[in-house]
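The numbering used here numbers the first residue of the first sequence as 160 and each following residue consecutively. C-beta atoms are modelled at their ideal positions from N, C-alpha and C, and glycine is treated no differently. For reference, the structure is listed below as structure tokens.
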Amino acid sequence: MPGVTMSYHPATSEPHWQQAWADAESFRAVRDERPKYYVLEMFPYPSGRIHMGHVRNYTMGDVVARFKRAQGFSVLHPMGWDAFGMPAENAAMEQGGHPRDWTYGNIATMRDQLKPLGLSIDWSREFATCDDDYVAQQQALFLDFLDAGLITRKSAQVNWDPVDMTVLANEQVIDGKGWRSGAPVERKELTQWFFRISDYSDELLSAIDGLDGWPEKVRLMQQNWIGKSRGLQFRFQTVDAPDGFDEIEVYTTRPDTLMGASFVALSPDHPMVKQLAAGNAEIAAFIEECRRIGTTEEAIETAPKMGFDTGLSVTHPLDPDWKLPIWIANFVLMDYGTGAIFGSPAHDERDHEFATKYGLPIRATFGEKGMDLAAADGMVAKAPYVPLKSETVSYVRGFSGQPEQSGEAAVTAAIAHAEEQGYGEGVTKYRLRDWGISRQRYWGCPIPVVHCDSCGTVPEAKENLPVLLPQDVSFDQPGNPLDRHPSWRQASCPECGGAATRETDTMDTFVDSSWYYARFTSPHAATPTDRADADYWMNVDQYIGGIEHAILHLLYSRFFARAMVKTGHLPEQAKEPFDALFTQGMVTHEIYMTRDARGRPVYHLPEDVTDGTLADGTAVEVIPSAKMSKSKKNVVDPVNIVASFGADTARWFMLSDSPPERDVEWTSAGAEAAYKFLSRLWRLADDAPEGGDDPELTRSAHRAIADVTKSIESFAFNKAVAKLYELANAVGKSKAGGEARREVLRITAQLLAPMVPHLAEEIWAKSGGIGLVVDAGWPKADPALLVDDTVTLPIQINGKRRAEISVAKDMPKDEIESLVLADETVQKFLDGAAPKKLIVVTGRIVNVVA
RNA sequence: GCCCGAGUGGCGGAAUGGUAGACGCAGCGGAUUCAAAAUCCGCCGGAGCAAUCCAUGCCGGUUCGAGUCCGGCCUCGGGUACCA
């Protein structure tokens, strides 16, 4: 029985309180008269076991959930599983078995590991995105989106493994080769399904201004990702180009540099390049070489600049006698702008590198303020001149606006010039591309459409949903098992009733995670959402997750919420689904390494290393902390920590020391220290001497209430922890006894409850608390107990601290000034002279300028 | 490459432009103990006998005053559209 054990023993007390909460249904989310609060942590991928990163993430969310609950909110705090994805298929390939069994097995394991943490989760709302029901609702959403014109089909490039005959994910391409086959990967075009997120570019961009509860860094990243730009679109007239390519359309954000143009560069995927390649083996070979770079922006941008001179040319729009050569360049992206650019090497790093490599002219358009043509040309010969657009420069080859103006002004003037003369127009473009959701993989949500010879691509009828994955599949050969399944593809056309073929693409798993927050508001509804529940619970008041999701997941979710509003599945207010966002850091650990006979690294688990040596005495090399990963074996299993120290210790350690947004290093010393402190709290509550009041202790308790409340509200859990250490130290030192002491202990229990809920219940019970602390509400600080009558003012002389004085809190400035001037140290420094300046910052500091 | 962060004692970190190092870990000294563990008390950035000086990744700037603001770097981390 808790309360009568003689020492802190979480192994018995934690299950006891978890049972008490379960019996009281403390965490069941209900719609009632209280204001609601929806706290959500990014749901986990069921990889097999929970790790410390999960413990940290879910503990933080739990602190918020329990804190808000204590403050009188009706809290929704759910949990689910992001259950589709590649690892399940990889496991099936490597170890046999079925992705479904692997996934649900992992979920069962991880749920069992998560529950002992004592999280205040409403488990009745749990679901996995691979559940038939979730698949059904997601397919219903897809059909509604299709109907609303939010979905399109078009061609896109994928990584193609020519040996395995399969599409590879970017992470499966290593140094340009397929991870299994080792064959050089090719870019291949496929017709794919897309969500038309780019229709919402401007909306998603401008709405960022309203996301007050989001970190500035995430808002900035999203802004840059959407990438709104204003530029000039115009056409170069070609000379001797193939039929149908009399003009090449280009887009530039720097039309003011047009007079410094030295070449035109086309993407290897540009239609004219494809046309040229058909009749020119050299060009075809060059394109093939470019296509080996891979599909990622990173690979394309960091690859060495390669160009191919087509021998063709264009005429300059401002001078018909001026010819510019047409090159094909591997760094020009077909996805952005028009797939064609003009190079202006004097004012662009990449163009400069390209021009230098291929001996193309470098001609300055502008130079530093006051420079003439020769000086400007001289400056850009070795390196490009790329000042901020807001900086004023001297145009030496300008053609519109003033000779001296900012880049910004010159761009505007150049666009106006082009529109007047009729050779181009100002356009706004976005970097954001449509969201390709087609995956040529088995373990995902099937796209509910069929292909009919007579009707074309036809959406499946809603009454035929869900389209479920076939179970009888094997992963003993590469490629998508859906493609080779004997019968699954056979369907009938919902329009004509004739024979049709099922779509075998499944959806990107980002689709699954783009609306799970909405499903949690009514997880068992027969439609994707229930309107009354969505109205009550949306939006997510506090969303918590890793910074690695700052762009894709969060942007897709923002789009998806808008799409759900448009199709009537969410109320208008939910188009920005996350009111506040917090991004937490990773959990890291040192890496322990030895080397085998051939010098290859061998990694060791932390639990096998004591004082830098293995059990057999071999010394290990200690590598600085990095994100916990299985391959480096620098992992600490939360299950072991909970078994030896209890959940509260794991929780407390994850909250202490490091600020939540930063990485935290797991150390065994830190975990032991956490356990020691919790044991001390336990003893403190046990030791209840009779005695009287201690006004200082009461003041400490109320200061702690104020500080802990503020710290939790601002996500500074490490500071809340520090304040609770201070309070515990104050209790330990105080002579207070009896009810006065018990009252402070009850406050301590209330303040501890969001962080270490089991121990808080123990302390609450021992110190005469009624009922459960989880139902006790949040304490309020008495403002009268928070103010000090006197303050200590440091005295600086010329900015360096030299002395201090103690004054009444409300002493007028002139009195402080005379006290300061009378101070011995000040007089010594002034040496009889009058101070040049005397700065008194009330309640803060005094600075004497001698 | 591009976008976004972070960098403070031996270590994790604290500090509305106002006493740099709260709180904790490690370490050192003491109490208790036959002894140890546990616990409790004290000290704890560096140099110096001291006055004082040096110190928040590096270089410069703004300010009475900069860890904090501005400019330029370095290192590490996240993202880079099919990892989740």
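Non-local beta-carbon contacts of P640 in its own chain, meaning distances under 6 Å to residues more than five positions away in sequence, involve Y601, V632 in chain order.
With contacts defined as CB atoms closer than 8 Å, D738 and N698 qualify as a contacting pair.
For L278, no alpha helix (DSSP H) encloses it, and the DSSP letter there is neither H nor E. Boundaries of the alpha helix (DSSP H) around N877: 876 to 892.
Every unbroken stretch of the beta strand (DSSP E) spanning 3 or more residues and falling wholly within the stretch 541 to 614 is given here in chain order: 551 to 554, 563 to 565, 583 to 589, 608 to 611. Spanning the alpha carbons of V890 and N329 requires a straight line of approximately 57 Å. Of all C-beta pairs linking the stretch 915 to 930 to the stretch 174 to 184, three or more are shorter than 8 Å, placing the two stretches in contact. Ranking K882, K621, V409 by CA distance to the CA of C652 puts K621 first. Apart from sequence neighbours up to five positions away, the residues of its chain that approach G896 with a beta-carbon distance below 8 Å are A847, P848, E849, G850, G851, ordered along the chain.
Proximity of the stretch 664 to 672 to the stretch 600 to 616 meets the contact definition, three or more beta-carbon pairs being nearer than 8 Å. Just so you know, the alpha carbons of H683 and R284 end up roughly 8 Å apart. Within the same chain, and ignoring the five residues on either side of R960 in sequence, the residues whose Cβ sits closer than 8 Å to its Cβ are P953, I954.
Taken through DSSP and simplified to helix, strand or coil, N489 comes out as coil. Contact check for V617 against T454 fails: the beta carbons are separated by 8 Å or more.
Per DSSP, the beta bridge partners of M752 are Y762, E780.
DSSP places E192 outside both helix and strand once states are collapsed to three, so it counts as coil. Membership of Y359 in any beta strand (DSSP E) is not indicated, and neither H nor E is assigned to it by DSSP. With 16 or more other CB atoms across the displayed protein chains lying within 10 angstroms of its CB, A908 is buried. In this structure, F501 and L483 form a Cβ contact; the two beta carbons are roughly 7 Å apart against a cut-off of 8 Å. Pairing F301 with Y675 gives a Cβ-Cβ distance that is not under 8 Å. Following the DSSP letters along the chain, one finds A774 in no beta strand (DSSP E), marked with neither H nor E. If the five residues before and after G498 are omitted, its C-beta is found closer than 6 Å to the C-beta atoms of S426, H429, all from its own chain and listed in chain order. Annotation: E330 is outside any alpha helix (DSSP H) and is labelled neither H nor E by DSSP. The alpha-carbon separation between A443 and S421 amounts to approximately 24 Å. The beta carbons of G805 and A170 sit closer together than 8 Å. Residue range 949 to 956 is occupied by the beta strand (DSSP E) that includes I956. Using a 10 angstroms sphere on the CB of Q701, the tally of other CB atoms reaches 16 or more, which defines it as buried. The shortest C-alpha to C-alpha distance from V746 to any of V795, W261, Y410 is the one to V795. With distances taken between CA atoms, E408 lies nearest to R394 out of R394, D399, D415.
Pairing P258 with G207, the inter-Cα distance amounts to about 12 Å.
For F354, no alpha helix (DSSP H) encloses it; the enclosing beta strand (DSSP E) starts and ends at 345 to 354. Sequence-distant partners of F812 (beyond 5 residues in either direction) whose C-beta falls short of 6 Å from its own C-beta, in its chain, are G829, A830, A833.
Beta-bridge partners of A967 (DSSP): T949.
Excluding the 5 residues flanking it on each side, L532 has same chain C-beta neighbours closer than 6 Å at V555, in chain order. Looking only at T218, G239, D358, H210, the smallest Cα-Cα distance to A677 is reached by G239. Per DSSP, the continuous alpha helix (DSSP H) segment holding Q177 begins and ends at 169 to 182.
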